[in-house]
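Step one of this worksheet: look at the structure below.
Number of protein chains: 2
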Amino acid sequence: MPINDTAGVPSCDGALLTDLYELTMLQAYFERGMNGLAVFELFVRTLPPQRNFLVAAGLEQAIEYLTALRLRDDERDWLHRSGRFTPAFIESLADLHFSGDVLAMSEGTVCFPNEPLLQIAAPLREAQLVESRLLNLIHYQTLVASKAARCVQAAANKPVIDFGLRRAHGAEAALLSARASYLAGFAGTATVPANAWFGIPLFGTMAHSFIQVHDDELDAFEAFARAQANNTLLVDTYDTEAAARKVVALAHRLRIDGIEIRAVRIDSGDLGEHARRVRAILDAGGLRQTQIFASGNLDEYRLEALQRQGTPIDGYGVGTHVGTSADAPYLDCVYKLQEYAGRARRKRSEHKATWPGRKQVYRYVDGSGHLLHDVLTLATDQQDGMALLTPVITAGQRIRPPVPLDQARVYCKTQIEALPAALRAMNGTRPYAVTIAEPLRALTREVDRSTTRATTPDR
Amino acid sequence: MPINDTAGVPSCDGALLTDLYELTMLQAYFERGMNGLAVFELFVRTLPPQRNFLVAAGLEQAIEYLTALRLRDDERDWLHRSGRFTPAFIESLADLHFSGDVLAMSEGTVCFPNEPLLQIAAPLREAQLVESRLLNLIHYQTLVASKAARCVQAAANKPVIDFGLRRAHGAEAALLSARASYLAGFAGTATVPANAWFGIPLFGTMAHSFIQVHDDELDAFEAFARAQANNTLLVDTYDTEAAARKVVALAHRLRIDGIEIRAVRIDSGDLGEHARRVRAILDAGGLRQTQIFASGNLDEYRLEALQRQGTPIDGYGVGTHVGTSADAPYLDCVYKLQEYAGRARRKRSEHKATWPGRKQVYRYVDGSGHLLHDVLTLATDQQDGMALLTPVITAGQRIRPPVPLDQARVYCKTQIEALPAALRAMNGTRPYAVTIAEPLRALTREVDRSTTRATTPDR
Numbered sequence: 001m002p003i004n005d006t007a008g009v010p011s012c013d014g015a016l017l018t019d020l021y022e023l024t025m026l027q028a029y030f031e032r033g034m035n036g037l038a039v040f041e042l043f044v045r046t047l048p049p050q051r052n053f054l055v056a057a058g059l060e061q062a063i064e065y066l067t068a069l070r071l072r073d074d075e076r077d078w079l080h081r082s083g084r085f086t087p088a089f090i091e092s093l094a095d096l097h098f099s100g101d102v103l104a105m106s107e108g109t110v111c112f113p114n115e116p117l118l119q120i121a122a123p124l125r126e127a128q129l130v131e132s133r134l135l136n137l138i139h140y141q142t143l144v145a146s147k148a149a150r151c152v153q154a155a156a157n158k159p160v161i162d163f164g165l166r167r168a169h170g171a172e173a174a175l176l177s178a179r180a181s182y183l184a185g186f187a188g189t190a191t192v193p194a195n196a197w198f199g200i201p202l203f204g205t206m207a208h209s210f211i212q213v214h215d216d217e218l219d220a221f222e223a224f225a226r227a228q229a230n231n232t233l234l235v236d237t238y239d240t241e242a243a244a245r246k247v248v249a250l251a252h253r254l255r256i257d258g259i260e261i262r263a264v265r266i267d268s269g270d271l272g273e274h275a276r277r278v279r280a281i282l283d284a285g286g287l288r289q290t291q292i293f294a295s296g297n298l299d300e301y302r303l304e305a306l307q308r309q310g311t312p313i314d315g316y317g318v319g320t321h322v323g324t325s326a327d328a329p330y331l332d333c334v335y336k337l338q339e340y341a342g343r344a345r346r347k348r349s350e351h352k353a354t355w356p357g358r359k360q361v362y363r364y365v366d367g368s369g370h371l372l373h374d375v376l377t378l379a380t381d382q383q384d385g386m387a388l389l390t391p392v393i394t395a396g397q398r399i400r401p402p403v404p405l406d407q408a409r410v411y412c413k414t415q416i417e418a419l420p421a422a423l424r425a426m427n428g429t430r431p432y433a434v435t436i437a438e439p440l441r442a443l444t445r446e447v448d449r450s451t452t453r454a455t456t457p458d459r
Numbered sequence: 001m002p003i004n005d006t007a008g009v010p011s012c013d014g015a016l017l018t019d020l021y022e023l024t025m026l027q028a029y030f031e032r033g034m035n036g037l038a039v040f041e042l043f044v045r046t047l048p049p050q051r052n053f054l055v056a057a058g059l060e061q062a063i064e065y066l067t068a069l070r071l072r073d074d075e076r077d078w079l080h081r082s083g084r085f086t087p088a089f090i091e092s093l094a095d096l097h098f099s100g101d102v103l104a105m106s107e108g109t110v111c112f113p114n115e116p117l118l119q120i121a122a123p124l125r126e127a128q129l130v131e132s133r134l135l136n137l138i139h140y141q142t143l144v145a146s147k148a149a150r151c152v153q154a155a156a157n158k159p160v161i162d163f164g165l166r167r168a169h170g171a172e173a174a175l176l177s178a179r180a181s182y183l184a185g186f187a188g189t190a191t192v193p194a195n196a197w198f199g200i201p202l203f204g205t206m207a208h209s210f211i212q213v214h215d216d217e218l219d220a221f222e223a224f225a226r227a228q229a230n231n232t233l234l235v236d237t238y239d240t241e242a243a244a245r246k247v248v249a250l251a252h253r254l255r256i257d258g259i260e261i262r263a264v265r266i267d268s269g270d271l272g273e274h275a276r277r278v279r280a281i282l283d284a285g286g287l288r289q290t291q292i293f294a295s296g297n298l299d300e301y302r303l304e305a306l307q308r309q310g311t312p313i314d315g316y317g318v319g320t321h322v323g324t325s326a327d328a329p330y331l332d333c334v335y336k337l338q339e340y341a342g343r344a345r346r347k348r349s350e351h352k353a354t355w356p357g358r359k360q361v362y363r364y365v366d367g368s369g370h371l372l373h374d375v376l377t378l379a380t381d382q383q384d385g386m387a388l389l390t391p392v393i394t395a396g397q398r399i400r401p402p403v404p405l406d407q408a409r410v411y412c413k414t415q416i417e418a419l420p421a422a423l424r425a426m427n428g429t430r431p432y433a434v435t436i437a438e439p440l441r442a443l444t445r446e447v448d449r450s451t452t453r454a455t456t457p458d459r
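Chains as they are written, first to last, in UniProt numbering: chain U, 1 to 459; chain W, 1 to 459.
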């Protein structure tokens, strides 16, 4: 890792993509010869007020990260240069790789607070080092998928497209947001490399600048329609209804050449009011097939309002609000030690206490597959519900090929359809029941007793 | 760009890191032979209610992006495979590079709505294509720097450290957030590659897991203190005050071996109350030099409250709230056409109208350098204030080496010190005066007249 001082965008990979304290702790573990089996779980502690459920996402990126984990030569050199670590410790990292087991919730699974999305069982140094990036990957995609699922609900059956690149927090966010929102039911994205990397369908219209570089709006419409068979004309640059009338005139002229105006886009003002007027103009002009697409500061609340009013909008572009999860831009997502060297562990910090031990989540559904409740219990407490955590990495090896994104998307759809209707609504509701099973409660009491013993001598 | 289907994290560069509509428009421009000189400006339309000023950031990454712009072979192949573009258009992109001029505000400059942060004058296809990524880069760093500057103010003279990697929106966000927050006055970051790439000072403590893997808290403290000369012990895993008493006992024992306890960290509960009690315990135990470091869901509002109460905290770790700019996770940041082929242009969409033409921002200060007001005017209207937009790229070439980040950081500090006190406060205030000069108003009227003419024939 060269020191670039200020320029450029850093590469976003490597074993050192972590917090300094992970390395500092690894040095201390090394000096004490501590590298026993550690079990960590990644979960969300509480839901933001505006969420009734979460959609697990980011697992494929997490698996790739773990299975590719190696210390590069330039990273080893940086460790030496930093002056913070002993040569013996740095040399001990030469064979670093992830050799542990991972259980996880499938991407697209609907999930709730305290339920592990990921469970890592690995030698301490590996399990500790990967904390920061695992959280970074799973947190963000889960955040976006959970928000996007709400937009899909709010838009009823109308397609929603991700327009988030420009205001996503960096390029990685834009690409992973395109992925997570597609997983959660978006119809596609405008972000080009999201097609190249993830195979996500691309959609695009035109910008106001296209209208503006032409001296005449009608001329701009015609140029675009002739260049793009699959065209959407942006009608709000100057006067939305006047532009719609131009579209009608143009459409009649272009029909002679076999060119159709597929859609118009409205991006400002009262979208519902403009859509109704534009629809009337298009219909009166014989353009019943021409669709209306809307964008501009949209989120699930505005989508729901537009749908409730029966607005004649055929599709939505949603950018900033999903890519930044604007009304809840983070989740209280953590990665906590549950067991070390065969003993269950628990953090008891105020308002941040965790359930100890290696866990499993069982889901109970009714005869038609609708969710009834979940049970959080110890991995050893086998129950007859559906176990949500299943193996994805064993002894450092991926044990199944990546799940195709379209397949995960279909699974996510069935998951959301299985939710109680109240949880799918935009407003808050009675939380979904996640029961803490008695064996887990018993272990918690036991751990508290032993920790209290271990920490009392000083008092 | 291979289609990976679902796995891995995409690379975050290339000419196709853009929205589909940029490419679609380029195809239409190509077919019409339109590639005149286009002037675009990047600016923020309005401030979020919780912000009184912005801090311009991200310019160095923008310059790197523009000067490196090329179409890779795999990107060209993707364009062919996509079936959306004509072979002639794709071949025309073979020599794509940025050949234009860029004026910009220096990083660290305090700025306000409607003031261009960046002005691009380039052949249309280049100026259009770069819209999405330029916004993506400048928006996010400006967002974070503006939030971080508030935290620095709120913390008075106490150091603030970026802890944001785990909940930043992806790795690029984490790294650019470390950079933007350091630019705005943070003392450093915990994100390791931010040191390697940007030279930002690193800080780190320990995680709760370090305490938990040891059977005894005191034993964990001792192991860490012996392994790390520059140690900070986390005291809130079980019982904060009990842990502080253990630190005192340990410190006396370690002093024999020449080891000091540099600091303790409190991460939960009522930070002010715990800090006062821990300070008393440390002082009574003779550890007046041992500092108290606090973290846990902190933002500028909590920092200000803690400082106002005179809490004995010596430094703060701030993560999620700055990395996601949680109370305002996006800015209304846009990139708008101002001039094409020598004629000024303007968008008149409802609530989204822009001031046309190629502009300059002049800043007026008093005798001691304090900001009085800014004037937004045409580039041709030379004034005697300080011009904030200066050339950074001419004819596609960078005309100065990158500004060292530490130098930009010092400049930013003087910028913020020059702000009226009311603007530096956490709460909203009367907006800073940005006057629209008469020549700009006159041009706007003229553009409206000519656009109305151009668009009226249909009405």
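Note that CB positions come from ideal geometry on N, CA and C, so glycine has one too.
What you are looking at is a predicted structure, and each value in this text was computed from that prediction instead of being measured.
For residue i, three-class secondary structure by DSSP
i: A62/W; result: helix
i: C151/U; result: helix
i: H373/W; result: strand
i: A57/U; result: coil
i: D77/U; result: helix
i: P404/U; result: coil
i: C333/U; result: strand
i: T354/U; result: coil
i: R445/U; result: helix
i: D13/W; result: coil
i: F40/U; result: strand
i: E339/W; result: strand
i: D283/W; result: helix
i: R255/W; result: helix
i: A294/W; result: strand
Within chain U, the residues that residue i reaches when beta carbons sit closer than 9 Å
i: N136/W; result: L165, R166, R167, A168, H169, G170, A171, A173, A174
i: K359/W; result: None at all; the shortest Cβ gap to chain U is about 16 Å.
i: H351/W; result: S268, G269
Amino acids of chain W, ordered along the chain, whose beta-carbon sits closer than 7 Å to that of residue i
i: A180/U; result: The contacting residues do not exist; A180/U stays about 11 Å from chain W at best.
i: S132/U; result: L165, R166
Selected residue, minimal CA-CA separation from residue i, among the options
i: I266/W; options: V318/W, D257/W, E304/W; result: V318/W
i: M34/W; options: E91/W, R125/W, E64/W; result: R125/W
i: R279/U; options: T240/U, S268/U, I256/U; result: T240/U
i: Y362/W; options: L20/W, N114/W, R400/W; result: N114/W
i: G204/W; options: Q212/W, N230/W, I63/W; result: N230/W
i: V9/U; options: D73/W, A178/W, N52/W; result: A178/W
i: V39/W; options: G286/W, A227/W, L26/W, Q128/W; result: Q128/W
i: E41/W; options: L135/W, S209/W, H351/W, R226/W; result: L135/W
Per-residue contacts from residue i into chain U (C-beta, under 7 Å)
i: D162/W; result: Near D162/W there are no residues of chain U at all, since even the closest Cβ is about 10 Å away, more than 7 Å.
i: V39/W; result: Neighbours of V39/W on chain U: none; closest Cβ ~11 Å, over 7 Å.
Neighbouring residues, chain U, relative to residue i (Cβ below 8 Å)
i: E31/W; result: A223, R226, A227
Contact set between residue i and chain W, taken where Cβ atoms lie within less than 9 Å
i: W355/U; result: By Cβ distance, chain W contributes nothing, its closest Cβ being about 13 Å from W355/U, past 9 Å.
**Prompt:** Is it true that the stretch 150-167 of chain W meets the stretch 303-320 of chain W, where meeting means three or more beta-carbon pairs spaced less than 8 Å apart?
**Reply:** yes
**Request:** Please list the residues of the stretch 202-213 of chain W that have a C-beta atom closer than 7 Å to any C-beta atom in chain U, keeping them in chain order.
**Result:** L202, F203, G204, T205, M206, A207, H208, S209, F210, Q212, V213
**Prompt:** Counting Cβ pairs closer than 8 Å, one from the stretch 320-336 of chain U and one from the stretch 357-373 of chain U, do we hit at least three?
**Reply:** no
**Message:** So if I threshold CB-CB distances at 7 Å, which residues from the stretch 264-288 of chain W count as touching chain U?
**Reply:** D267, S268, G269
**Message:** Short of 7 Å Cβ to Cβ, which residues in the stretch 76-93 of chain U face chain W?
**Reply:** W78
**Item:** Residues within the stretch 244-255 of chain U neighbouring chain W, beta-carbon criterion of under 8 Å
**Value:** R245, K246, A249
**Message:** Please identify, using Cβ separations under 8 Å, the residues of the stretch 56-70 of chain U that lie next to chain C, in order along the chain.
**Reply:** Checking the listed chains, one finds no chain C in this structure; the protein chains it contains are U and W.
**Asked** Using a Cβ cut-off of 8 Å, which residues of the stretch 108-131 of chain W contact any Cβ in chain U, in chain order?
**Response** L124, Q128, E131
**Request:** May I ask you to list, following chain order, the residues of the stretch 187-201 of chain U that have a beta carbon less than 9 Å from some beta carbon of chain W?
**Result:** T189, A190, T191, V192, P193, A194, N195, A196, W197, F198, G199
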